[in-house]
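Asker:
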């Protein structure tokens, strides 16, 4: 049977993966040519003679001779024609592959070709057919009666054709359908565009942009292509063998099991691919986990965490976009962030300005900066680190496994559908959430000038024994937002210049006693703080009078221990250079500001060496800029 007339394309105009159907139809027309096509002859099947039957080995031989390809590629091409429904088997109709033996096949009639499939609109079928349903039933009865009157060979051929059509378009559960396609295109890729003035205008714009684009020599481009092909040829399943076997040919899932996204021990070829480029390392989830382990040992894991957060924002849902952007800002970019990243001021300014109206690409500048930082600095050290060498040492190299025909058929019968991409994506999200919940607090990221600290004060001594008649009550924790430290309240309103002036005055008037009563103004309270510390004080009620925010200090029984210069049992003073503080939420009015300049730091250091018994309070904070109300 030879088809010469071109068939109109109804249902495949806007489907991107179906553009190959017209080419397959041209090949099928050549195969049915009586002179140069595949030789067919009637074949007896049980007690029925099937006309125009062909064998699988004849199809493979014709394809290999026509397109000058090897037998393996010709077999794959023939299997594609069978999967698309242009050729159907007569014996094993559920196995849509072509065999290199005397198995019988037939060409499908053009009525059942994939390009004849009309759009499926079952919802409108009842609406369109309701008024003439009796006619449809009568016509179906006539067709059934006419089918019974056909000859047996014609009836068998038609049944085989119809069964082959439904096997292709309605495959059994657990099988792969070759007719699956993606989203429909807005334009038809198979039609020629009308040459209108807009068409030529677009060509002119494209040509002008191409002229302005910088060019490279062809030798450089060809050299880059050759280098890329030589690098990736061993990792391409079309150019080299898959170890232990190619799952697309053998239906054995061992290759996919060994190369799962989060497998514990990766293969050697997979680890070697991480050395090709930094992009390859980040694109592999297993390589990213290994790189994260290396960064944790170098105390720079916040860089990779920030990059992953930006990718999640870029490719995540639009509903959670604003929430994710705010979370990234609080975690990595804000002052006093728990995992603060180091980026330049210009990039920070651009990023913070864009976060006022967040979108998917609002963090691109900061993400590119961190990406280049990891690529130029951390990636090279990772390839030389013990972490990578240990992973490469533990990597496995599976041996090649060959299957015979019986094992291949058994693998095909035991084929199971893979996990849905939705389920895999949900598992990855659950794993990321679990890692984020179990991750320890990285206190090394809390530096001196970027971390708010809790209230600092002189150590309170042993409390007085409680009275037997006093009723028990819940004690307030010292130096909390409920009961802030009076030192923090005083230092909150005292500038560095005032602290220096007060220190010089306190050394000359060390013998003057502090008043035991009276209301002190806020300025007087701030200037006399250091003098009060040197002279000592009576019960903590005086500190309660100094702290307008503390309502319970007067009723507590704790005492503030004075720092006396003439006390022999006290250890010699020493300056605290730096220390770590766990981040807590501190009210803005209870913050302690640092030394304002390096000169002042040196002056206070010299003064602390001269003054015996004077202890300096050093605390980290967010920045060195002058704040409102600090002098």
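In the UniProt record's numbering, the protein residues as written are 1 to 631. Backbone N, C-alpha and C fix where the C-beta goes; we use that ideal spot for every residue, glycine too.
1. Contact defined as beta carbons within less than 8 Å: I believe residue 371 pairs with residue 307. What is the distance between those atoms, to the nearest angstrom?
2. Quick one: using the 10 Å Cβ neighbour count with 16 as the cut-off for buried, is residue 98 buried or exposed?
3. Go to residue 169, then tell me how far its beta strand (DSSP E) extends in each direction, as first and last residue.
4. Could you tell me which of 292, 405 and 104 sits nearest to residue 87, measuring between CA atoms?
5. Can you give the beta carbon distance from residue 347 to residue 365, rounded, assuming they're within the 8 Å contact cut?
6. Three-state secondary structure (DSSP) at residue 633?
7. To which residues of the same chain is residue 465 closer than 6 Å at the C-beta, ignoring the five residues directly before and after it?
8. Residue 43 by DSSP, collapsed to three states: which one?
9. How about residue 106 and residue 161: do their beta carbons lie closer than 9 Å?
10. Can the beta-carbon of residue 395 be found less than 9 Å from the beta-carbon of residue 270?
11. Suppose the cutoff is 7 Å on Cβ atoms and the five residues either side in sequence are ignored; what does the same chain contact list for residue 79 look like?
12. Could you please give the first and the last residue of the uninterrupted alpha helix (DSSP H) stretch that includes residue 247?
13. If you run the structure through DSSP and keep just helix, strand and coil, what is residue 276?
14. By the three-class DSSP mapping on this structure, what secondary structure does residue 357 have?
15. Look at the alpha carbon of residue 229 and the alpha carbon of residue 268, and state the distance between them as a whole number of angstroms.
16. If we ignore side chains and look at the alpha-carbon of each, how far apart do residue 381 and residue 220 end up?
17. With DSSP as the reference, label residue 104 as helix, strand or coil.
18. Check whether the Cβ atoms of residue 632 and residue 278 lie closer than 9 Å to each other.
19. With distances taken between CB atoms, is the gap from residue 29 to residue 178 smaller than 9 Å?
20. Among residues of its own chain, excluding the 5 on either side of residue 246, which ones have a beta-carbon nearer than 8 Å to its beta-carbon?
21. May I have the straight-line CA-CA distance separating residue 295 from residue 400, to the nearest angstrom?
22. Start and end of the beta strand (DSSP E) containing residue 398?
23. Suppose only complete runs of 4+ residues qualify. What are the alpha helix (DSSP H) ranges in the UniProt domain "RGS" (277-392), listed by chain order?
24. Taking residue 51 as part of the alpha helix (DSSP H), name the residues at either end of that continuous run.
25. Hey, residue 38 and residue 60 are a contact pair by Cβ (cut 8 Å); roughly how many whole angstroms apart?
26. In the DSSP assignment, find the unbroken beta strand (DSSP E) run with residue 87 in it and report its ends.
Answerer: Reading off the structure:
1. Their Cβ separation, rounded to whole angstroms, is 6 Å, which keeps residue 371 and residue 307 in contact under 8 Å.
2. Classification for residue 98: buried.
3. Run containing residue 169: none in the beta strand (DSSP E); it sits in the alpha helix (DSSP H), 152-169.
4. Selected option, being the one with the closest Cα: 104.
5. Beta-carbon to beta-carbon, residue 347 and residue 365 are separated by about 5 Å, close enough to satisfy the 8 Å threshold.
6. Residue 633 cannot be examined here, being either before or after the span of the chain that is shown, 1 to 631.
7. Model confidence at residue 465 stands at a pLDDT of 48, short of 50, so the residue's coordinates are unreliable; what they give is reported in the following sentence. None.
8. For residue 43, the three-state secondary structure derived from DSSP is strand.
9. Residue 161 sits close to residue 106, with the two beta carbons spaced by under 9 Å.
10. When the beta-carbon positions are compared, residue 395 and residue 270 come within less than 9 Å of each other.
11. 97 and 98, listed in sequence order.
12. Element bounds for residue 247: 247-250.
13. Coil, per DSSP.
14. Looking at residue 357 - three-state DSSP - the assignment turns out to be coil, as it is neither helix nor strand.
15. Rounded to the nearest angstrom, the two C-alpha atoms are 20 Å apart.
16. For residue 381 and residue 220, the gap between their C-alpha atoms comes out near 29 Å.
17. Here residue 104 sits in strand by DSSP.
18. Because the chain here runs from 1 to 631, residue 632 falls outside it and cannot be looked at.
19. No; because the gap between Cβ atoms is not below 9 Å, this pair is not in contact.
20. So the qualifying residues of the chain are 237 and 255.
21. Whole-angstrom Cα-Cα distance: 36 Å.
22. Membership of residue 398 in any beta strand (DSSP E) is not indicated, and neither H nor E is assigned to it by DSSP.
23. Within the UniProt domain "RGS" (277-392), the alpha helix (DSSP H) runs of at least 4 residues that lie entirely inside it are, in chain order, 278-283, 285-297, 301-315, 321-328, 345-354, 364-373 and 379-383.
24. It is not in any alpha helix (DSSP H) - residue 51 instead sits in the beta strand (DSSP E) that spans 48-55.
25. The pair is not a contact, with the Cβ atoms about 10 Å apart (cut-off 8 Å).
26. Start and end: 87-89.
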